[in-house]
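This report refers to the structure that appears directly beneath it.
In the numbering used here, the protein residues as written are 776 to 1297.
And the structure:
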């Protein structure tokens, strides 16, 4: 993140560009036709999230061109059972205040789930030497409604809106008071059929998204996207299942500094899973994509998983194809010679369960070659060849029913082959871990985690130094429908920066900060 709360957020999965990782919320892709990173991640709220699923590596064969690096699927809570709700308020450092209201439940055939979240903070200066803080405010609304048409079919509606305002500086070198705005919405309707025998599944949906942003320096962007999709999965036998899907997207991108762009994209895939033996599964997928500006391409993926005696080995190889979105097309050095990205991703891993499944260890090797990746040169978009390879590992250990530990590491080498340099903002070494404890009566809880990020090159071949940050959260449940929590971030007040700008100046970051909150459930 280039600064404190509200500043731009970038996520690099296995060294991929942020726009190469697809982010979904209840089936709605956050892909924006007018964003250099593909989506505005910083304005989302974690309120009412049931789980987050992460698929690493090339997933384009099933999820489309935007999933060359992986997929993050956010699943919100569905309304079930007796109507319930919660109200929470939290305040702390930087004059921060957050208020959140959630409600969910089901009545007869209708289930509902809703969120209202308001967050405001004085923040910190994005320019490390700045004299004024860059404040941030965000209002987030979300709703989901599921209506059971029959025992085996359901009609769903989902939507959210973010409305954020923040101040920004001119990179990390010059302090200023430039107001930026980011407003977006997404709506989705979906019909889903799941027969009682659960041998097949059929989904048809439609999504509409809108994005509007201004960066405080005179640039204004608007983007709109309408998407249609159809998916089905059928179990042909105990060992064989077959999936099929069709997708269509109509994107429009508008800017006051570049030409307006409209694109249409159509894609389809065929996906098969075959259980060779009880502990050996293979899958093959083939996809066809057509872009009305850049033509068509066929991609595919093959994967396997083999288990034996507490061990599991797995691997995959997949190709991908990504046409420029409206943003990259409008900022291309030459729109008529800018070519789509294409490439291949591979991974191979080994997993071991031990201590009667109370511990799990995984090590994975990954590799990706990208031809004609979209890159920047003299403030214009050009193509460049890129190579990424590395090793990642995870360990989860349940020491007891109330105590758990997890660790993860990544070692990677990322190269811009054309310019013979490291890819920006991607460290060679990363290590993170967490420690979770709760009392037997669930009245007390403690979570302690750390994150180490090694040296990395940033814009202008500047070097951002390594850092390690520790965070802690404690929870007390004095009554059944109340809980109190205390969060402390950057516990040891390390002076670090996530990134530096092209002049080598570090962006501002949050020092030691504390937040106290209370939640009431009804």
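Using N, Cα and C, we set each Cβ at its ideal position, and we do this for glycine too.
- Inter-segment contact for the segment 802-811 and the segment 977-991 is present: three or more beta-carbon pairs are separated by less than 8 Å.
- Taking C-beta atoms under 8 Å as the contact rule, residue 1105 and residue 1034 qualify, at a distance of about 5 Å.
- Rounded to whole angstroms, the gap between the alpha carbons of residue 1061 and residue 847 is 21 Å.
- Per DSSP, reduced to three states, the secondary structure at residue 888 is strand.
- For residue 814, the three-state secondary structure derived from DSSP is coil.
- Across the set 1076, 949, 927 and 1089, the C-alpha of 949 shows the shortest separation from the C-alpha of residue 909.
- Taking the C-beta atoms as reference points, residue 1122 is found nearer than 7 Å to residue 1139.
- Secondary structure note for residue 799: its beta strand (DSSP E) is the uninterrupted segment 796-800.
- Between residue 1043 and residue 1063, the CB-CB gap stays under 7 Å.
- Annotation: residue 1112 to residue 1159 spans about 13 Å, alpha carbon to alpha carbon.
- Taking a C-beta distance under 7 Å as the contact criterion, residue 1205 and residue 1185 qualify as a contact pair.
- By the criterion of a C-beta distance shorter than 8 Å, residue 1039 is surrounded in its chain by 1023, 1024, 1025, 1026, 1066 and 1067, once the five residues flanking it on both sides are discounted.
- A buried status is given to residue 1141, since no fewer than 16 other beta-carbon atoms sit within 10 Å of its beta-carbon.
- Counting C-beta atoms within 10 angstroms of its own C-beta, residue 892 has 16 or more neighbours from the protein chains shown and is therefore classed as buried.
- The alpha helix (DSSP H) runs lying completely inside the segment 1111-1160 and spanning 4 residues or more number zero.
- Unbroken beta strand (DSSP E) runs of no fewer than 3 residues, entirely contained in the segment 1015-1078, are found at 1015-1030, 1036-1052 and 1055-1066, following chain order.
- Ranking 1275, 796, 1213 and 1230 by CA distance to the CA of residue 1252 puts 1213 first.
- For residue 981, the beta-bridge partners assigned by DSSP are 964 and 1003.
- In this structure, the CA atom of residue 1048 is about 23 Å from the CA atom of residue 799.
- Under the three-state reduction of DSSP, residue 940 is assigned to strand.
- In this model, residue 895 and residue 1292 are separated by some 14 Å (Cα to Cα).
- Residue pairing of residue 932 in beta bridges, as defined by DSSP: 920 and 964.
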